[in-house]
Amino acid sequence: MEYKVKDLGLAETGAMKIEWAESRMPVLMYLLEKYEKQRPFEGQRIAGCLHVTKETAVLVKTLARCGAQVAWSGCNPLSTQDDIAAALARDGIPIFAWHGMSVDEFYWAIERTIDMKPSLTLDDGADLINTLHQKHPKMAREVIAGTEETTTGVHRLRAMAKAGALLYPVVAVNDAETKWDFDNIYGTGQSSIDGILRSTSILFAGKNFVVAGYGHCGKGTAIRAQGMGAHVIVTEVRPLQALKAVLDGFSVMTMDEAVEIGDIFITATGMKDVIVKHHFERMKDGAVVCNTGHYDCELNLKDLKEITENVREVRPNNEEYSLKNGRKIFVLAKGRLVNLAGAEGHPSEVMDMSFANQFLSLVRCAREGRSLSVDVHDVPFEQDEELALLKLKTMKIEIDSLSAEQEHYRDDYLAGT
Ligand SMILES: NC(=O)c1ccc[n+]([C@@H]2O[C@H](COP(=O)([O-])OP(=O)(O)OC[C@H]3O[C@@H](n4cnc5c(N)ncnc54)[C@H](O)[C@@H]3O)[C@@H](O)[C@H]2O)c1
């Protein structure tokens, strides 16, 4: 089978969106121009498992134009944009993704990308790598190297490496500064608010907005909600992160306390069971609850169903749970990433940096993968610096540089007052 998408007739709409994204991803377009003639991926078979958005399509097309044979699946059952998948299928990419796929179909789609016997992999959440390791270990041993896009995936891969279970080297693209400190903060911040707004059209000003987790995604979401006039409350488990939230001007309390006063809740932790039955039971009537972490286990919806009399969809991506205690709770995007299931994911400008990192990391994997140890590797500091400079250039922003004298001063440990 060459592809499986919802409706090939959507391809033209998807192609227009991809063109729009391309116009806002100048760093990746610069890399395409630089590498297209070199064809660094000639002979490589790249299997990818990553949200099918217009920005991902730009990356897929860039990899293909640089010589790769590419096969793709989405990394979340609700995040595929069907018009984008159709456009990629029409362009001859073997893509297996549609919005609303079941969990079985999700893993079936990953298997179809594995059919090509990949030499390189690109993951967002480590489901592809995990499937290769669990179901096709012989094939996994032949993979040269892979990359991982998100925090949860990197956590899992580091755990696999520690347990000696990892079978090929992986580059932790998520941990590059030009990814983690931009995509997760500004991308997730803006797009999660976008997802909440599209699903509710709720007023933020004056609302109590509860953010669980003050890491990268949580911080981004908190600062954007504050900018819209919400009173932001943070819950955390790490003292350092909680302290940062306090000094950034947010209220910090336990979830037990926050549930009594919150109007909107968002989880951004990568942890399961952040909001459970005893929390739902005490929420205010009309509370809106959603998640922006990678998996849908942060809100325990099984618990919520146990105390619910009736569920109905009141708007796209917005389900009203009528509780036995008479209150109503509104759950967005079935507890899956609200920014991707309820909106279009991160803006192209920020994905430009993430995917430029993906691209350069895959070039590194293709060229040096065989000499990398079987472990989780960081993106080199020089790549981060190069991409930050390139991004600034595309924004027409110049910065100062140190003179030779200043560099000498920096390293002169004898210099005093
Ligand atoms: N929605 C998106 O598009 C998107 C984008 C990037 C990352 N992610 C995902 O979002 C999640 C968070 O990523 P990140 O980069 O912010 O990670 P991070 O490690 O920077 O932050 C997570 C924070 O959550 C806190 N935390 C853990 N368990 C908690 C709990 N029970 N209650 C309160 N706080 C808790 C941790 O202490 C940490 O500070 C991951 O699953 C990641 O894969 C989603």
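In the working numbering, each residue's number is its place in the sequence shown (first place is 1) plus 75.
Cβ coordinates follow ideal geometry from the N, Cα and C atoms, glycine included.
Fair warning: this is a prediction, and the values are worked out from it, not measured in the lab.
Along the chain, where does the beta strand (DSSP E) that runs through residue i open and close?
i      : result
LYS109 : LYS109 -> not in any beta strand (DSSP E); alpha helix (DSSP H) instead, spanning 101 to 110.
THR492 : Run containing THR492: none; DSSP gives neither H nor E here.
LEU195 : 195 to 198
ILE219 : Where ILE219 is concerned, there is no enclosing beta strand (DSSP E), given that its DSSP letter is neither H nor E.
ASN414 : Element bounds for ASN414: not the beta strand (DSSP E) but the alpha helix (DSSP H), 413 to 416.
Give the DSSP bridge partners of residue i, in chain order.
i      : result
TYR396 : VAL386, ILE404
ARG120 : GLN144
PHE430 : Its beta-bridge partners do not exist; DSSP assigns none.
LEU374 : ILE350
THR310 : ALA287
ALA362 : ILE404
ILE341 : VAL286, CYS365
HIS452 : VAL246
ILE170 : TRP147
VAL327 : VAL309
LYS79  : PHE171
GLU223 : ASP198, ALA247
What residues in its chain sit with their C-beta under 8 Å from that of residue i, if we drop five residues either side in the sequence?
i      : result
GLU381 : LYS352
ILE308 : ASN283, PHE284, VAL285, VAL286, PHE325, SER326, VAL327, MET328, ALA333, ILE336, GLY337
HIS211 : ILE189
HIS306 : GLY281, LYS282, ASN283, PHE284, SER326
GLN433 : LEU134, LEU197, THR222, GLU224, VAL248
GLU356 : ILE382, LEU398, ASN400
Considering only residues of the same chain and omitting the five flanking positions on each side of residue i, which have a CB-CB separation below 7 Å?
i      : result
LYS92  : LYS129, ASP158, ILE159
LEU447 : ALA220, PRO244
GLN301 : VAL307
GLU117 : GLY142
ALA201 : GLU223, GLY228, ARG231, LEU232
ALA236 : ASP450, VAL451
GLY264 : GLY295, THR296, ILE298, ARG299
ASP269 : ASN414, ALA418
VAL145 : ILE121, GLY123, VAL135, LEU138, ALA139, ILE168
ARG445 : ILE219
For the alpha helix (DSSP H) holding residue i, just list the boundary residues, first then last.
i      : result
GLY302 : 291 to 302
ASN205 : 202 to 210
THR226 : 226 to 237
GLU460 : 456 to 469
ALA184 : 178 to 189
LEU163 : 157 to 165
ILE271 : 263 to 275
GLU482 : 479 to 486
LYS92  : 86 to 98
GLU252 : 252 to 255
For residue i, which residues from the same chain have a beta carbon less than 6 Å from its beta carbon, with the 5 sequence-adjacent residues on both sides left out?
i      : result
TYR110 : CYS141
THR206 : ILE185
GLU424 : ARG99
ALA132 : ILE93, ILE159, LEU163
LEU465 : VAL102
GLU532 : Residue coverage of the chain in this structure runs from 76 to 492, which leaves residue 532 outside it and unanswerable.
SER148 : CYS124, PHE171, ALA172, ALA184, ILE185, THR188
When every heavy atom of ligand 2 is checked, does at least one fall within less than 6 Å of the C-beta of residue i?
i      : result
ARG313 : Ligands present in the displayed structure are limited to ligand 1, and ligand 2 is not among them.
Compare the C-beta of residue i with all C-beta atoms of chain D and state if any pair is closer than 7 Å.
i      : result
LEU407 : Annotation note: the requested chain D is absent from the structure, which comprises a single protein chain.
Item to complete: Answer yes if the segment 191 to 203 comes into contact with the segment 211 to 224, meaning at least three C-beta pairs across the two stretches below 8 Å, and no otherwise.
Response: Result yes; three or more Cβ-Cβ pairs closer than 8 Å.
Discussion item. Below 8 Å, how does it come out for the segment 79 to 95 and the segment 377 to 392: are there three or more Cβ pairs, yes or no?
Written reply: Contact between the segment 79 to 95 and the segment 377 to 392 is absent, because fewer than three Cβ pairs lie under 8 Å.
Worksheet item: Okay, do the segment 384 to 402 and the segment 249 to 258 touch, 3+ Cβ pairs below 8 Å being the bar?
Response: Taking a cut-off of 8 Å for Cβ pairs, the segment 384 to 402 and the segment 249 to 258 do not touch, as fewer than three such pairs fall below it.
Practice prompt. Would you check if there are 3 or more beta carbon pairs closer than 8 Å linking the segment 78 to 91 to the segment 172 to 190?
Written response: The segment 78 to 91 vs the segment 172 to 190: in contact.
Discussion item. Between the segment 102 to 117 and the segment 434 to 444, can you find at least three pairs of beta-carbon atoms closer than 8 Å?
Written reply: In short, these stretches touch, since the Cβ pair count reaches three.
Discussion item. Quick check: the segment 143 to 163 against the segment 451 to 463, are at least 3 beta-carbon pairs closer than 8 Å?
Written reply: Result no; under three Cβ-Cβ pairs closer than 8 Å.
Discussion item. If contact is defined by three or more beta carbon pairs under 8 Å, each pair taking one atom from either stretch, is the segment 408 to 415 in contact with the segment 361 to 380?
Written reply: Contact between the segment 361 to 380 and the segment 408 to 415 is present, because at least three Cβ pairs lie under 8 Å.
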